[in-house]
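For reference, the structure discussed in these notes is given below.
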Amino acid sequence: MTQLMKAAKSGTKDGLEKTRIAVMRKVSFLHRKDVLGDSEEEDMGLLEVSVTDIKPPAPELGPMPEGLSPQQVVRRHILGSIVQSEGSYVESLKRVLQDYRNPLMEMEPKVLSARKCQAVFFRVKEILHCHSMFQIALSSRVAEWDATEKIGDLFVASFSKSMVLDVYSDYVNNFTNAMSIIKKACLTKPAFLEFLKRRQVCSPDRVTLYGLMVKPIQRFPQFILLLQDMLKNTPRGHPDRLSLQLALTELETLAEKLNEQKRLADQVAEIQQLTKSVSDRSSLNKLLTSGQRQLLLCETLTETVYGDRGQLIKSKERRVFLLSDMLVCANINFKPANHRGQLEISSLVPLGPKYVVKWNTALPQVQVVEVGQEGGSYDKDNVLIQHAGAKKASAAGQAQNKVYFGPPRLFQELQDLQKDLAVVEQITFLISTLHGTYQNLNMTVAQDWCLALQRLMRVKEEEIHSANKCRLRLLLPGKPDKSGRPISFMVVFITPNPLSKISWVNRLHLAKIGLREENQPGWLCPDEDKKSKAPFWCPILACCIPAFSSRGLSLQLGALVHSPVSCPLLGFSAVSTSLPQGYLWVGGGQEGAGGQVEIFSLNRPSPRTVKSFPLAAPVLCMEYIPEPEEGESGDESHVATDPSATVHPTICLGLRDGSILVYGSVDTGTQCLATCRSPGLQPVLCLRHNPFHLFAGLQDGTLAAYPRTSGGVLWDLESPPVCLTVGPGPIRTLLSLEDAVWASCGPQVTVVDATSLQTQQSFEAHQDETVSVTHMVKAGSGVWMAFSSGSSIRLFHTETLEHLQEINIATRTTFLLPGQKHLCVTSLLICQGLLWVGTDQGVIVLLPVPRLEGIPKITGKGMVSLNGHCGPVAFLAVATSILAPDILRSDQEEAEGPRAEEDKVDGQAPEPAPVPASHMGRELTRKKGVLLQYRLRSTAHLPGPLLSVREPPADGSALEHSEEDGSIYEMADDPDVWVRSRPCTRDAHRKEICSVAIISGGQGYRNFGSAPGGSGRSAPCGETDSALLIWQVPLTL
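Going left to right, the sequence shown walks through residues 6 to 1042 as this note's numbering numbers them.
Pasting the structure below:
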């Protein structure tokens, strides 16, 4: 037993071998895994070891020692939760095998064939083995907890093995199939249904088979939450802290891989279902089976038809598929009975719904039209509103004595009100010219009329805005009429909630951009098979623009910052498709001459220059400083009461001549608020700020710190700054962390306390004295660094300063630049789980990194952009803006409201989504979205009662319709809440949605995908001109 526990703890191949030997005497047989069904590819050659007699000791914490700190007490409690939840999980897995699988396999006559049994319980035994080994090692850890207080390394050892990923992937990808088999058996075999009912009644907690089998899908989010809690209560310097951060990274990476595999499996299954519904000879079938298309989005939407007067006539659910180059709409088709009136089970329970394709259109021809924005987007005379047969059904609509208005009718009413207001204003003017005084005909009454009309207009505008939130209006090309005139038709879909609408508009917009020549393909995955396509979340090149309007001067790029503005006036589609709102400030200049700042507005469909101004010297660096948050400025917080001292966002510029300039960034007024010269007029190479100081890294190795002030300008630039000598060479880069500032000088990095400005320590980031640290970016608990020579980047821990990983970028670009041995990293950026690396060859590499508070280790192969620059990538910058919160406000009423009414027209009452009260609180306090976003394809529209994780009534009366024999509920990224068929409204209460764009600056534009020697696409700017490439990142909803 001791041998077995040691082996499990070591978690290596050697350890597994020791484990095998240790248990050999207790092994009843050792054989290869049975194949699932007839498919050979399912057999991964996993060894199945049946450990028969060993019952591992249950992990138990001893009595709590005296004198523990509050944090140690909390850690003990969290450990207790881990032990208890793991024990309960292992028990559940055993119950699945002992109470369900084994009896079903042994039962005579069989109610479920052996093959189906294997398919339903696929990989459960292997998952149990993984967790039994983990539990054995856990019990030894618990026994010595008070002496060691270490748990992180155990998670790393147990869950970093590829076997765990393989087993869980198989289970997750097979889950929908397993549930379909169970449902079909419930409908066709009363004995099977009876067996499930008996088992549920006999179980102590009345949890159904479904409730037990969904637990593996919930396991990793639970582990992540527990480890996040443990990490919060583990102080810096604790021996377990780095291990916990690595464990969090390991679990997050595992979860992300499972996510991606589940997404790909679902994508293949959906496209197969769609292909089955199309005749083999049709052109659509050939397009779908070619394997060239990715499924970007697929959802059940409600199509609505409105009559002439704007009343709703009918609505029907459709399945809408957004593929990489086309949009397909299908009826969800079920045949409940055959010609003899019997249920055809085979058609009721496919792996997903069966479809009948209604229409499909090439993406470039699809237009999203918002109410009130029809303007010049199409010729109204040529638009035929779909469903001419609407008049027949209109009588039924009127019979209910209710008229449901669509957005176009609301817009017409708004226009009528505007006309009436114009007339009333004329009347008011005429009244003002009257000489006599008349009752009810005076200025007071006239002004009341005007105010009342303005109020009505505001109400109507809100109604239109609300109606737009969940209505997706698409203009599609139809067949020409007899005269050959092109005809378009409008389709109106109701989305389940505003988030869904935003998602559709955003993905449609990006999919269209993705069809441009430069994005076909835009990224390459350097895989051995050369077949793997770039995933659907790839950033898409939106535009390439010259960085400076004055083409004659050969200006070199220095720096770029984004100054965000919130634009509440934007329509719904504009918010979902436009680049992040605000202004880009681009700085540069000529060597030995003056500098220049160019300001671009991102508030239009494509960026445009709104202002440029010259400076005395080239711009070397910039820093955007947002408005200080309340209470952030410590003692000075009371000054905010004085309106004259209100601090607006500012932009600081560092110049080659030693000047530091502070500009107001509220608009393009570009008022220079303050200016100063650096000590010794040294060139300002980098600027960073924290709540207490503005830091400037200078050419001579001095770090100048300007303190916070209470005036309208944030920093005291008039008094001499606090100066620290970091080293003999230039300070190339600064990084501001929560409680420290890192400054680089040569290969050394110095850590300075953020408030006292005392040097805490310094460490060597590179062994070569001639190499300098040029870039530092932070993610989680790590910092990635790039150097002045060499193609490697290195990862350091923010707390122990330990060197954790080194990645050679050149290996990712060899196939793009054959024969190019020397490569140097010239820029770094981390954004939304991606590390962007710019090189001196103009190539940009993208590497995935974890997003949570773990260690940002690189585990994937990454991708290389086929769009780049002709010279070095001067900088990589991010532009983000938060989508206006009022777009998502009161989602429950606004998203459910219109649909509730329309559902009633169809004779169906809407089903309210259960949102536990406690859930909202937790959603707001949770740090970042927990990962596993498995979207299990819903079968809620199939016949048969419901399936859920609810407990049945205690008297057992409700077991007539056991929860086992119903439909699968759709599960979003939080497994606690289950909702029928549609995503639940709790999705609507997410925090803000970020719109993100990445900007790279460099010399010219180059497409690496074009033939060698060929010019590729014609670039919008010359090879020597400075250019900006702007990538749009799909909204993560």
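Just so you know, even glycine gets a beta-carbon here, dropped at the ideal spot from N, CA and C.
{"Item": "So, using beta-carbon positions, are VAL830 and THR844 closer together than 7 Å?", "Value": "yes"}
{"Item": "Touch check for the segment 322-332 and the segment 289-306: three-plus C-beta pairs under 8 Å?", "Value": "yes"}
{"Item": "Helix or strand or just coil, what does DSSP make of ASP758?", "Value": "strand"}
{"Item": "What's the C-alpha gap between THR181 and PHE127?", "Value": "12 Å"}
{"Item": "For a minimum of 3 consecutive residues, which ranges assigned as the beta strand (DSSP E) are wholly contained in the segment 477-502?", "Value": "493-499"}
{"Item": "State the CB to CB distance for the pair LEU871 and PHE1013, rounded to an integer number of angstroms; the pair is presumed to be in contact (CB under 8 Å).", "Value": "5 Å"}
{"Item": "Which of the three DSSP states is assigned to GLN848 in this structure?", "Value": "For the record, residue 848 in the displayed sequence is Val; it is not Gln. VAL848 falls in the coil class under three-state DSSP."}
{"Item": "Give me whichever residues DSSP pairs with SER1000 in a beta bridge.", "Value": "SER886"}
{"Item": "What do you reckon, are the CB atoms on ALA124 and ILE186 nearer than 7 Å?", "Value": "yes"}
{"Item": "Return the residue from the list MET790, ILE432, LEU822 that minimises the CA-CA distance to GLU807.", "Value": "MET790"}
{"Item": "Out of THR280, VAL147, LYS99, LEU102, which one is the CA nearest neighbour of PRO64?", "Value": "VAL147"}
{"Item": "Does the distance from the CB of CYS548 to the CB of TYR1010 come in under 7 Å?", "Value": "no"}
{"Item": "For the beta strand (DSSP E) containing ASN107, list its first residue and its last residue.", "Value": "Premise fails: ASN107 lies in the alpha helix (DSSP H), 107-111, not in any beta strand (DSSP E)."}
{"Item": "Using the rule of at least 16 other Cβ atoms within 10 Å of the residue's Cβ for burial, across every protein chain shown, is PHE618 buried or exposed?", "Value": "exposed"}
{"Item": "Measure the alpha-carbon distance for LYS359 versus LEU192 and round it to whole angstroms.", "Value": "18 Å"}
{"Item": "Where does LEU828 sit, in a helix, a strand or coil, going by DSSP?", "Value": "coil"}
{"Item": "In the structure shown, what three-state DSSP assignment does SER568 receive?", "Value": "strand"}
{"Item": "How far does the beta strand (DSSP E) with VAL714 in it reach, from first residue to last?", "Value": "One detail in the question is off: residue 714 reads as Thr in this sequence, not Val. Segment: none, THR714 is in no beta strand (DSSP E) and carries neither H nor E."}
{"Item": "Given SER786, which residues of its chain have a CB within under 7 Å of its CB, disregarding the five upstream and five downstream residues?", "Value": "GLN250, HIS802, THR803, GLU804, GLU858, GLY859, ILE860"}
{"Item": "Opposite CYS303 in the DSSP bridges: which residues?", "Value": "PHE326"}
{"Item": "My guess is that SER97 and LYS202 are in contact by the Cβ rule of under 8 Å, so how many angstroms apart are they, rounded?", "Value": "Not quite, the Cβ-Cβ distance comes to about 19 Å (not below 8 Å), so this is no contact."}
{"Item": "Taking Cβ positions, are ASP758 and GLN765 nearer each other than 7 Å?", "Value": "yes"}
{"Item": "If you draw a straight line from the C-alpha of LEU828 to the C-alpha of VAL361, how long is it?", "Value": "53 Å"}
{"Item": "The beta strand (DSSP E) that contains ASN1047, what's its start and end?", "Value": "Look at the range of the chain in this structure, 6 to 1042, and you will see that residue 1047 is not part of it."}
{"Item": "Contact defined as beta carbons within less than 8 Å: I believe MET462 pairs with GLN423. What is the distance between those atoms, to the nearest angstrom?", "Value": "7 Å"}
{"Item": "Taking 7 Å as the threshold (C-beta atoms), are LEU762 and VAL788 in contact?", "Value": "no"}
{"Item": "Along the chain, where does the beta strand (DSSP E) containing HIS802 start, and where does it finish?", "Value": "797-802"}
{"Item": "Going by CA-CA distance only, name the one from SER144, LEU729, THR366 that's closest to MET495.", "Value": "THR366"}
{"Item": "Could you work out which residue in ILE469, ASN473, ILE436 is closest to CYS455 when comparing CA atoms only?", "Value": "ILE436"}
{"Item": "Helix, strand or coil for HIS874? Go by DSSP, reduced to three states.", "Value": "coil"}
{"Item": "Work out the CA separation of VAL428 and GLN525 for me, nearest whole Å.", "Value": "55 Å"}
{"Item": "Report the residue from GLN810, ALA784, ARG817, VAL1001 whose alpha carbon sits nearest the alpha carbon of ILE887.", "Value": "VAL1001"}
{"Item": "Should the segment 212-231 be regarded as contacting the segment 742-761, the criterion being three or more beta carbon pairs within less than 8 Å?", "Value": "no"}
{"Item": "If we count the other Cβ atoms within 10 Å of its Cβ and call it buried at 16 or more, is HIS780 buried or exposed?", "Value": "buried"}
{"Item": "Let me check understanding here. Comparing Cα to Cα, which of LEU66, HIS694, GLY216, THR258 lies closest to GLN89?", "Value": "LEU66"}
{"Item": "Between which two residues does the alpha helix (DSSP H) carrying VAL78 extend?", "Value": "75-100"}
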